[in-house]
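The numbering of the sequence shown is this note's numbering, which starts it at 46 and goes up by one.
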Amino acid sequence: MQDLAEIIREHKLAVPVYVTQPVMPKLEGYVEHLAGIWERKWLTNDGPLHQEFERRLSEYVDADHVSVFCNATIALMVALETLRIDSGEVITTPFTFPATSHVLYWNRVRPVFCDIDPVTMNLDPSKIERLISPETKAILPVHVYGRPCDVETIQRIAEIHGLHVIYDAAHAFAVRHKGKSILAYGDISVLSFHATKLFTTIEGGALISRTDVQRKRVNFLKNFGIADEETVVGPGINGKMNEFQAAFGLMQLQLVDGEIHNRREIALIYREALRHVAGITVLEELPDTESNYAYFPILIETEDFGMSRDDLFVVMRHCNVFARKYFYPLISHASCYSALPSAAAVKLPVAERVATQVICLPIYGSLEHETARTICRLIAACAARRDRHAALAGTLC
Ligand code: T4K
46 MQDLAEIIRE HKLAVPVYVT QPVMPKLEGY VEHLAGIWER KWLTNDGPLH
96 QEFERRLSEY VDADHVSVFC NATIALMVAL ETLRIDSGEV ITTPFTFPAT
146 SHVLYWNRVR PVFCDIDPVT MNLDPSKIER LISPETKAIL PVHVYGRPCD
196 VETIQRIAEI HGLHVIYDAA HAFAVRHKGK SILAYGDISV LSFHATKLFT
246 TIEGGALISR TDVQRKRVNF LKNFGIADEE TVVGPGINGK MNEFQAAFGL
296 MQLQLVDGEI HNRREIALIY REALRHVAGI TVLEELPDTE SNYAYFPILI
346 ETEDFGMSRD DLFVVMRHCN VFARKYFYPL ISHASCYSAL PSAAAVKLPV
396 AERVATQVIC LPIYGSLEHE TARTICRLIA ACAARRDRHA ALAGTLC
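Laid out in structure tokens, this is it:
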């Protein structure tokens, strides 16, 4: 058994390892795309690369009505406007990136926070109905970490109460549920293609509509509401993706299967090595799911592990491991939402607990297997250390 200072010395990585890293396409291929853009002088506004990317993306994600966007946040705002959700309340999760709640705020809608399920980490459907009021317009769940929500139960609730469902599928690129694309559920789904995502267009996103008519409205709204040179059909916004992003996306489409495969191998290393470490919960893959391995969250139970999540986080940073506490603090704690009745901690016990326990380990296709193993050994050594009861600050001096 070692003490903490020895553990850090022994497991410190030579270079920083971040929670994620994008898979980069071949530079020469991208330069070829740039040459075409230079030649055409067509930089944005539904250019040829944009059109090709939208078409190929639609085939890849197995969805018919895809509109690509400059980012997922604007796409979520357009999703709300498409369905005319611009007042009242929307039920959503506090365990997410701030964008999910902020789009409601920007569309003048009050978020109503609902607790999460301890297995999926997504909205707990058994707690949704008690939050429905005459003001409720929709449900905005997140497939957090790419783990599918209980889409069937959410659909049933929405149908009974006449609510829309918009899925924040920012993490769920290529995820399938019961043999179908996860994007096939709800009225609208939104993907993010930010640089930190499994599939990236640098910044970017996509909105998946249910019908051609809906897609047409989405495309008006993402282009200032312009239908033609002399007609504005609604209060649109600028949500367009440009040709440079589309070119990046086209190249990423060729890499993403390999990236998922490589991430799966990293996930297997973590899963095998950490499953039996006392005080650690490794989230099992959900049944009927084809996962994308976008994130690798683990939960730390302080008593059994012998160290809190926050202390492990600090130790990891000393070892050059830049894991992240996605999603701590809960967005319901932010000052713009904390006064809402639904934001009270007592009403969100599972989300409150998970947010203090979770840590997302580095996962990306080019992560060396040996690095992943070192991270596992570091975590296991922390659990087994001699100075379990010493204060962290003293131990690190
Ligand atoms: N809904 C959900 C559920 C979301 O998670 C998000 C975004 C959205 C909606 C909104 O989607 P977008 O409008 O962004 O399309 C990142 C991203 O900025 C954010 O897009 C993402 N979720 C969130 C989960 O993560 P940060 O603040 O953690 O990113 P940052 O800059 O600290 O990057 C994390 C690590 O990634 C770095 O330590 C290193 C690596 N990295 C990052 C960048 C930007 C790279 O290797 N290369 C890069 O270019 O928010």
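Backbone N, C-alpha and C fix where the C-beta goes; we use that ideal spot for every residue, glycine too. Because the structure is a prediction, the values reported are computed rather than measured.
Counted as a single uninterrupted DSSP element, the alpha helix (DSSP H) harbouring residue 294 occupies residues 288 to 319. If you keep only unbroken beta strand (DSSP E) runs of at least 3 residues inside the region 378 to 430, you get 403 to 406. Beyond the five residues adjoining it in sequence on each side, residue 82 comes within less than 6 angstroms, by CB distance, of 288 in the same chain, given in chain order. A Cβ-Cβ separation of about 5 angstroms places residue 406 in contact with residue 341 under the 8 angstroms criterion.
Under the DSSP assignment, residue 342 falls in the beta strand (DSSP E) whose first and last residues are 341 to 345. Ranked by how close their Cα comes to the Cα of residue 376, the residues 106, 247 and 159 have 159 in first place. A straight line joining the alpha-carbon of residue 363 with that of residue 60 spans about 11 angstroms.
Counting C-beta atoms within 10 angstroms of its own C-beta, residue 297 has 16 or more neighbours from the protein chains shown and is therefore classed as buried.
The beta carbon of residue 213 sits closer than 7 angstroms to at least one heavy atom of the ligand T4K. For residue 246, there is no enclosing beta strand (DSSP E), as DSSP marks it with neither H nor E.
Contact check for residue 136 and residue 161: beta-carbon distance about 12 angstroms, past the 8 angstroms limit, so the pair fails to qualify. About 6 angstroms separates the CB atoms of residue 111 and residue 102; that is less than 8 angstroms, so the two are in contact. Per DSSP, the unbroken beta strand (DSSP E) holding residue 134 starts and ends at 134 to 137.
For residue 208, there is no enclosing beta strand (DSSP E), as DSSP marks it with neither H nor E. Where residue 103 is concerned, the enclosing alpha helix (DSSP H) starts and stops at 93 to 106. Excluding sequence positions up to five before and after residue 240, its CB lies within less than 8 angstroms of the CB of 67, 247 and 248, all in the same chain and listed in chain order. At least 8 angstroms separates the beta-carbon of residue 145 from that of residue 233. The Cβ atoms of residue 190 and residue 308 do not sit closer than 8 angstroms to each other.
In terms of Cα proximity to residue 365, the closest of 58, 52, 381 and 46 is 58. By the Cβ-count criterion, residue 235 is buried, with 16 or more other Cβ atoms from all chains shown falling within 10 Å of its own Cβ. For residue 158, the uninterrupted beta strand (DSSP E) segment begins and ends at 155 to 158. Within the DSSP secondary-structure output, residue 335 pairs in a beta bridge with 221.
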